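Q: First to last, the sequence lines map onto chains A and B. So the first sequence is numbered by the numbering used here: it starts at -11 and just counts up by one. So the second sequence is numbered by the numbering used here: it starts at 47 and just counts up by one. Each residue gets a CB set at the ideal place from its N, CA and C atoms; glycine is no exception. Treat the numbers as computed from the prediction; the structure is a model and nothing was measured.
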Amino acid sequence: KNEVEQSPQNLTAQEGEFITINCSYSVGISALHWLQQHPGGGIVSLFMLSSGKKKHGRLIATINIQEKHSSLHITASHPRDSAVYICAALSGGSQGNLIFGKGTKLSVKP
Amino acid sequence: NAGVTQTPKFQVLKTGQSMTLQCAQDMNHEYMSWYRQDPGMGLRLIHYSVGAGITDQGEVPNGYNVSRSTTEDFPLRLLSAAPSQTSVYFCASSRFSSQFIPNIQYFGAGTRLSVL
Chain A
-11 KNEVEQSPQN LTAQEGEFIT INCSYSVGIS ALHWLQQHPG GGIVSLFMLS
39 SGKKKHGRLI ATINIQEKHS SLHITASHPR DSAVYICAAL SGGSQGNLIF
89 GKGTKLSVKP
Chain B
47 NAGVTQTPKF QVLKTGQSMT LQCAQDMNHE YMSWYRQDPG MGLRLIHYSV
97 GAGITDQGEV PNGYNVSRST TEDFPLRLLS AAPSQTSVYF CASSRFSSQF
147 IPNIQYFGAG TRLSVL
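#1: Between the beta-carbon of G104 (chain B) and the beta-carbon of S79 (chain B), is there less than 9 Å?
#2: Could you say which of A:A19, A:S(-5), A:T0 and A:G80 lies nearest to K41 (chain A) if we only look at CA atoms?
#3: Near L78 (chain A), which residues of its chain fall below 6 Å by C-beta distance, leaving aside the five closest residues on each side in sequence?
#4: Is there contact here, the region 64 to 77 of chain B with the region 146 to 158 of chain B, by at least three beta-carbon pairs under 8 Å?
#5: Do M36 (chain A) and S126 (chain B) have their CB atoms nearer than 9 Å?
#6: Using only the alpha-carbon positions, how far apart do Y77 (chain B) and Q25 (chain A) sit?
#7: Helix, strand or coil: which one does DSSP assign to D102 (chain B)?
#8: Please go through the same chain and pick out, in chain order, the residues whose beta-carbon is closer than 8 Å to the beta-carbon of S115 (chain B), but skip the five residues on each side of it.
#9: Relative to the alpha-carbon of R46 (chain A), which residue among A:T63, A:S39 and A:S38 has its alpha-carbon at the smallest distance?
#10: Please compile the residues from chain C whose C-beta is within a distance smaller than 7 Å of the C-beta of G45 (chain A).
#11: On the DSSP bridge list, what partners appear for Q2 (chain A)?
#12: Would C11 (chain A) and H61 (chain A) qualify as a contact pair, given that the criterion is a beta-carbon distance under 9 Å?
#13: Under the DSSP definition of a beta bridge, which residues are partnered with L125 (chain B)?
#14: So the beta strand (DSSP E) T53 (chain B) belongs to, where does it begin and stop?
#15: Could you spell out where the beta strand (DSSP E) holding K42 (chain A) opens and where it closes?
#16: Restricting to Cα atoms, I'd like to know which of A:A71, A:I74, A:S65 and A:G29 is closest to K55 (chain B).
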């Protein structure tokens, strides 16, 4: 059983919709990362969270350590947001052991 | 700044051959890591380093060696390539946050490796 689970696996949205991608983990963690992988394969790191909430443009990431859950929200979605979104949990007590979810493939239609 | 540079971009090996995937960063980042990405499996951590001279194993270290003799470079060695190592490999680097954990990561463009 993967220790980091993402939902949904696939998501199709209309341009302008509010999008939520969820990440749950079963291990104790010290931080959680959200990544974006473009259709061409390049990977961009979006957020690193250890508590609370972070916002960058139309992207918002939240984490609830007690509930072992994180969400990535995209407001006013756009076709250029189409990508695979990946969460990765940093094992508690580790300085670098990242465990990845399998990703959520988002497609935003114009 | 070049960021994180990975070479080569593509490589085809025969079973049993050895090779080194190169990774270099010019941002003076403490943390560097290697991942492989396979269809249906997502990204998996192979090895990581929290500073020069310090390396540790990730989820899938078997068949791979690493070393970190300088802050800038973190090569990944395949000593005897196997078809199971056919994959896309990514290198990444980051600074540590105030809590001494990896912050936002910068990824290389990836190496597509095929082992026949």
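A: So, from the listed chains and residues:
#1: In the second sequence, counting from the first residue as 1, residue 104 (chain B) sits at position 58. In the second sequence, counting from the first residue as 1, residue 79 (chain B) sits at position 33. Contact flag set, yes.
#2: Stepping through the first sequence from its first residue, residue 41 (chain A) is reached at position 53. Here the closest residue by C-alpha is A:A19.
#3: Taking the first residue of the first sequence as position 1, residue 78 (chain A) is located at position 90. Contacts found: I17, S18, A19 and L86.
#4: yes
#5: To locate residue 36 (chain A), count along the first sequence from 1; it is residue 48. To locate residue 126 (chain B), count along the second sequence from 1; it is residue 80. No, Cβ-Cβ distance for M36 (chain A) and S126 (chain B) is not below 9 Å.
#6: As a position in the second sequence, residue 77 (chain B) is number 31, starting the count at 1. As a position in the first sequence, residue 25 (chain A) is number 37, starting the count at 1. Whole-angstrom Cα-Cα distance: 21 Å.
#7: Indexing the second sequence from 1 puts residue 102 (chain B) at position 56. The answer is strand: DSSP assigns D102 (chain B) an E or B state.
#8: Numbered from its first residue, the second sequence carries residue 115 (chain B) at position 69. Once the five neighbours on either side are set aside, the close Cβ partners of S115 (chain B) are A98 and G99.
#9: The residue you call residue 46 (chain A) lines up with position 58 of the first sequence. Ranking the options by Cα distance to R46 (chain A), first place goes to A:T63.
#10: Within the model displayed, chain C is absent; protein chains A and B are what it includes.
#11: Taking the first sequence and counting its residues from 1, the one referred to as residue 2 (chain A) is at position 14. DSSP, once it has assigned bridges, lists A:K97 as partnering Q2 (chain A).
#12: Along the first sequence, one-based indexing puts residue 11 (chain A) at 23. Along the first sequence, one-based indexing puts residue 61 (chain A) at 73. Not a contact, by the Cβ cut-off of 9 Å.
#13: In the second sequence, the residue the question calls residue 125 (chain B) occupies position 79. According to DSSP, L125 (chain B) bridges with nothing at all.
#14: Position 7 of the second sequence, counted from the first residue, corresponds to residue 53 (chain B). Run containing T53 (chain B): V50 to T53, per the beta strand (DSSP E) assignment.
#15: Locating residue 42 (chain A) in the first sequence gives position 54, counting from the first residue. Unbroken beta strand (DSSP E) run through K42 (chain A): G40 to H44.
#16: As a working note, residue 55 (chain B) is residue 9 in the second sequence. Nearest of A:A71, A:I74, A:S65 and A:G29 to K55 (chain B), Cα basis: A:G29.
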